[in-house]
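Student: Dropping the structure in here first, questions after.
2 protein chains.
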Amino acid sequence: MKNINIKALACELNLSVSTISKVFHDSYEISDHTKQRVLETAARLNYVPNPYASSLRGRKSKNIGVVIPEVADSFFSLAINGIESVAKEKGYHVLICLTHESFENEKNILKEFQGGRVDGVLMSVSRETSHSDHINDLISNGLPLIFFDRVCEDVQTAKITTDDFESGYNATEHLILQGCSKIAFLGISKSLSISGKRLEGYLNALADYELKADKKNIILCTNDAKHNYTAIKKILQQKNKPTGIVASVEKLTTPVYKVCEMLKLKIPKDVKVVCFSNLDTAAILNPSLTTITQPAFEMGKTAATILFKALEKTNFNLTGESLVIPSALVVRNSSS
Amino acid sequence: MKNINIKALACELNLSVSTISKVFHDSYEISDHTKQRVLETAARLNYVPNPYASSLRGRKSKNIGVVIPEVADSFFSLAINGIESVAKEKGYHVLICLTHESFENEKNILKEFQGGRVDGVLMSVSRETSHSDHINDLISNGLPLIFFDRVCEDVQTAKITTDDFESGYNATEHLILQGCSKIAFLGISKSLSISGKRLEGYLNALADYELKADKKNIILCTNDAKHNYTAIKKILQQKNKPTGIVASVEKLTTPVYKVCEMLKLKIPKDVKVVCFSNLDTAAILNPSLTTITQPAFEMGKTAATILFKALEKTNFNLTGESLVIPSALVVRNSSS
DNA sequence: TTTATTTACGAAACCGTTTTCGTAAATAAT
DNA sequence: ATTATTTACGAAAACGGTTTCGTAAATAAA
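Quick mapping for you: the protein sequence lines, in order, are chains A and B. Just so we're aligned, residue 1 is where the first sequence starts under our numbering, counting upward by one. Just so we're aligned, residue 337 is where the second sequence starts under our numbering, counting upward by one.
Listed below in C-alpha cells is the structure:
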C-alpha cells in the first residue's frame, strides 16, 4: 500500500541505506553478491526511488522545461516529439509549460524555474513578448536556455530557427511568379522575430520585383479567432483586393479558406494562398494548400541535443551553437 | 548568480528559517510587520522556493501525470488544454508522458510514478494495452488514476469517455441513410475499448438495417503509415468494394483521402467517408469531412476536475464518478 | 499583584536520497 | 609475524524546505 523507501529496503535486508543507495549507482564498493541480493528484493518489493529526494540532494532535477505558446499546433507538437526523443534517451523528463501567448504567463513560468524545478529550458517565446529581462534573469541565474523557432534576438544564447527571411521571400516570390501583383501578409506579432523576418522576406520579394507594398494588406492576427476572421474578410472585401495571401502561421489557414468561401472567392483562381504550416492535412484541403513546411521534429531534436551538451559540460558556450534549418516550400493547388 | 535559498533569506533578515517558511504560508503566528519585511526582501533577492524540497517534506509533488499515446493529435492536444486549465487553477503542474502507443513505454512510465513523482494520473491507454496489472499496481499503491477516452474496462476507477457505441452507430447509420450498403470500418486495436465500442456500434447499425457485415471490410490500422495506406488501398480495390468508410481515428483521414485520389474514387460519389476527428481543418478539406467530433477539451477538463476531488478528499471513491460526454456527428460533404 | 492567555518567534526533527569519511575484516606485501 | 593495502560496508551530514513544539515577552483576567 504505502510507498516503500530506501530505509524500509535497508531494514528488510539488514543493510544500511548507504549500501542500498550505492547498489543502485553500481558502486564498486559493493560486492556482487550484495548487489544481487538488493536488486532482487528491490524488484520484489517494487521499490522505486523518490526522484525529489534525489533532486534535492543532487541539486539537479533531471527535468527540462519546454516553454511554448500552445500545444494544439502541429509545429509545436512535432517539436515536442523531437525534444522528447532526446530527453528520453538521456533519462530526463520534459515539463511542458504553455504560455497561451501571454507574456504574463511566460514570466511566471520562468520565475518558477528559478526555484530549481528544471535543469535547462527550451523556449519559443509568446506572441506578446517584446523584451527579455525575464529570460536574461534566468540565464544569469545559471540555467541554460535555448530558443527554438521563436527567439529573442537580443538574448545571448543558442537559437535553433528556420530560415524565416528566405521562407517569407520564397513564399512571396512564388506568388509573384504565379502572377500575383497584390499580395497580403498575415503576421502574428510586431515584436516576434519570426513574424518580423517573414515579413521582411515578403517585403524584399515585393521590392525585388518592383511591386509596391501596401500597409492595408499587412495585418497582425491575434488570439481572437473572430477578430482574425473579420480582419481577413476586410482585406478581401477591398475593391482593389489582393490576389495572393501569405499567411505566416498555421492557425490562419482555416479562416482564410472560410472567408474565401463566404465571399465566393475561388482559390487559386481569385486568390492564391501560401501558408506556413505543418499540418498533415495540407495535401487534402480544398484546394490542397501550398505550404512553407518547417522541420519541426528536427528543430526540437536539435535544440534538445544542444541543451544536453550544455548540461553535460559546465561553462559550455551556447552562443556559438545557433543553427538555421531550412524550411521547404511545398507547392500545391492553392497557388497554381 | 547562485540560487538563493530560505536559509540565505533568513540570514539576510536575521530571522529563523521557520519564520520565513511560515510567512510564505501566511501563518497566523507571524506578525504583519515581519511578513511585510520578509516578502519585500524575498522579492528583492528573487527568492523562489525549491519545489522538490517542499515535495519531499510534504510528501506530495503538486504534479499530475498525463499519460497519452501521442501529443500530435488534435484530440489529445485539446484534452491537454482542458487538463492544464484546471491544474493551473489548483497550482499544479502537468507532466505529459507519451507512450507512443507502446505498452512497454506505458508500463515504464507508470512504474516511475510509483516513486512519488506525481500525486495523481490522467490516462488514455496505448493501443497495445490489453491488460491492466500495471495500472492496478499503481492504484493499489494509493495513487488516484482516472481514465479519459481510452479506458481499461476492468479497472475500478472513474472513466471519462464519450459515447463511443452511439457514435459508431450514428456514423454508420448516417452512411446507410445516405445509401451505402457496404461499409468499411477502420479500427485501431482489438483490445482498445473505444475501438471495440465504436466497432460494436457499427455492427449494430448494420444489423438494425439488415446489412451483412463483411470481415474483409473491418481492418485494424497500426502505427506504420505505409501499412495503413496499403490496407486501405486493398479494401478499396476489391471488385465488390465498400461505398462507405467509417474511420475510427483522426490519423486515418489523410490516407483515406490519398488512396481515393490515387484510385480515382470520388468522395462522396464513389465512397462516402465519416471520420472520428477533432481537426480544425475538417471543414475545409476536399471535400469537407463529415466527422464525429469528440468533446476533447471538456473531457480533459472533467477528468482533471474529478482527479482533484480525489486529491482533496482522502478515501474518495472514484468508481462512482464515471461520466459519458456525447460526441457530435457533424455532417459535411464527404458523406452527402 | 498574581496568574492565565495570547503573540511572535526559534530550535530541531523530518522528508528520502546521496556522498563523504571512517573502519573492521580480509588479503597482500615485506 | 608484522605492516600495508584492499574490500565491503555503515554512520552521519548534507540538500532546502515544513512542521511541531517550546518559550520568552506582552497582554488580559482575576
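By construction, the Cβ of each residue, glycine as well, lies at the ideal position given by its N, Cα and C atoms.
For B:Gly-478, is the classification buried or exposed, using 16 other Cβ atoms within 10 angstroms of its Cβ as the cut-off for buried?
Tutor: The residue is exposed, with fewer than 16 neighbouring Cβ atoms inside 10 Å.
Student: What span of residues does the alpha helix (DSSP H) with A:Lys-272 cover, start to end?
Tutor: It is not in any alpha helix (DSSP H) - A:Lys-272 instead sits in the beta strand (DSSP E) that spans 272–276.
Student: Tell me where the alpha helix (DSSP H) around A:Ile-232 begins and ends.
Tutor: Start and end: 225–237.
Student: Determine whether the Cβ of A:Gln-114 lies closer than 8 Å to any Cβ atom of chain B.
Tutor: True, the Cβ-Cβ gap to chain B drops below 8 Å.
Student: Within the continuous beta strand (DSSP E) that includes A:Phe-147, where are the two ends?
Tutor: Its beta strand (DSSP E) spans residues 145–148.
Student: If we ignore side chains and look at the alpha-carbon of each, how far apart do A:Asp-163 and A:Gly-196 end up?
Tutor: Approximately 12 Å between the Cα atoms of the pair.
Student: Excluding the five sequence neighbours on either side, which residues of its own chain have a C-beta within less than 6 Å of the C-beta of B:Val-353, listed in chain order?
Tutor: Excluding residues within five positions, the ones whose Cβ falls inside 6 Å are Ile-342, Lys-343 and Ala-346.
Student: Along the chain, where does the beta strand (DSSP E) containing A:Asn-105 start, and where does it finish?
Tutor: Segment 103–113 is the alpha helix (DSSP H) holding A:Asn-105; no beta strand (DSSP E) there.
Student: Is it right to say B:Gln-450 is buried, meaning 16 or more other beta carbons lie within 10 angstroms of its own, or is it exposed?
Tutor: Buried, because 16 or more other Cβ atoms sit within 10 Å of the Cβ of B:Gln-450.
Student: Are any of the Cβ atoms in chain A nearer than 8 Å to that of B:Lys-562?
Tutor: Not an interface residue.
Student: List the endpoints of the continuous beta strand (DSSP E) containing B:Lys-371.
Tutor: It is not in any beta strand (DSSP E) - B:Lys-371 instead sits in the alpha helix (DSSP H) that spans 368–381.
Student: How is A:Thr-302 classed by DSSP in three states: helix, strand or coil?
Tutor: Helix at A:Thr-302.
Student: Can you check whether the C-beta of A:Arg-332 is within less than 8 Å of a C-beta belonging to chain B?
Tutor: Not one chain B Cβ lies under 8 Å of A:Arg-332.
Student: Could you name the residues that DSSP lists as bridge partners for A:Phe-185?
Tutor: According to DSSP, which records beta bridges pairwise, A:Phe-185 is partnered with A:Ile-218 and A:Val-246.
Student: Around the Cβ of B:Ile-356, are there at least 16 other Cβ atoms within 10 angstroms (buried) or fewer (exposed)?
Tutor: Per the 10 Å Cβ criterion, buried.
Student: Would you mind sorting B:Glu-420 into buried or exposed? The rule is 16 or more other CB atoms within 10 Å of its CB.
Tutor: Buried, by the Cβ-count rule.
Student: When you compare only the Cα positions, how much space is there between B:Ile-432 and B:Asp-560?
Tutor: Between B:Ile-432 and B:Asp-560, the C-alpha separation is close to 23 Å.
Student: Nearest to B:Leu-547 by alpha carbon, out of B:Val-666, B:Ile-524, B:Lys-570 and B:Glu-509?
Tutor: Residue B:Glu-509 is the option with its Cα nearest to B:Leu-547.
Student: Tell me which same chain residues have a C-beta within less than 6 Å of the C-beta of B:Val-403, skipping the five on either side of it?
Tutor: Counting only Cβ-Cβ distances below 6 Å, and skipping sequence neighbours, we find Cys-433, Ile-445 and Met-459.
Student: Hey, how far is the Cα of B:Lys-577 from the Cα of B:Ala-543?
Tutor: Approximately 19 Å, taken between the alpha carbons.
Student: Note down the Cα distance separating B:His-369 from B:Val-359, rounded to an integer number of angstroms.
Tutor: About 11 Å.
Student: Of all the residues that make up the stretch 610–632 of chain B, which are near chain A by a beta-carbon distance shorter than 8 Å?
Tutor: Listed in sequence order: Leu-615, Asp-616, Thr-617, Ala-619, Ile-620, Leu-621, Asn-622, Pro-623 and Ser-624.
Student: Who are the Cβ neighbours of A:Pro-69 in its own chain at under 6 Å, not counting the five residues just before and after it?
Tutor: Thr-99, Glu-101 and Ser-126, listed in sequence order.
Student: When the Cα atoms are used, what is the spatial distance from A:Thr-254 to B:Asp-616?
Tutor: Approximately 7 Å between the Cα atoms of the pair.
Student: Output the residue ranges of the alpha helix (DSSP H) runs that lie fully inside the stretch 118–171 of chain A and measure 4 residues or longer, sorted by chain position.
Tutor: As far as the stretch 118–171 of chain A is concerned, its whole alpha helix (DSSP H) runs of at least 4 residues are 133–140.
Student: Can you tell me the Cβ-Cβ gap for B:Val-666 and B:Thr-638, rounded? I've got them flagged as a contact below 8 Å.
Tutor: Contact flag wrong, Cβ pair sits at about 21 Å.
Student: B:Asn-339 versus chain A: which residues are under 8 Å apart at the beta carbon?
Tutor: Within chain A, the residues near B:Asn-339 are Gln-114, Gly-115, Gly-116, Asn-141 and Gly-142.
Student: Beta-carbon of B:Tyr-428 versus every beta-carbon of chain A: anything under 8 Å?
Tutor: Not an interface residue.
Student: Using a threshold of 8 Å, state whether the C-beta atoms of A:Ser-248 and A:Leu-175 are closer than that.
Tutor: Against a cut-off of 8 Å, the Cβ pair of A:Leu-175 and A:Ser-248 comes out as no contact.
Student: What residues from chain B crowd round A:Ala-310, counting only those whose CB sits closer than 7 Å?
Tutor: Those do not exist, as A:Ala-310 stays about 16 Å from chain B at its closest Cβ, beyond 7 Å.
Student: Excluding the 5 residues preceding and the 5 following A:Arg-117 in the sequence, name in chain order all residues of the same chain whose CB lies nearer than 8 Å to its CB.
Tutor: Result list for A:Arg-117: Ser-61, Asn-63, Gly-65 and Leu-95, in chain order.
Student: Hey, how far is the Cα of A:Lys-226 from the Cα of A:Ser-132?
Tutor: Approximately 30 Å between the Cα atoms of the pair.
Student: Pick helix, strand or coil for A:Met-1, following the three-state DSSP scheme.
Tutor: With a pLDDT of 41 at A:Met-1, under the threshold of 50, the predicted position of this residue should be treated as unreliable, and no value is reported.
Student: Quick check on this structure: which residue in A:Ala-282, A:Asp-26, A:Asn-286 and A:Ile-183 has the alpha carbon closest to the alpha carbon of A:Thr-293?
Tutor: Residue A:Ala-282 is the option with its Cα nearest to A:Thr-293.
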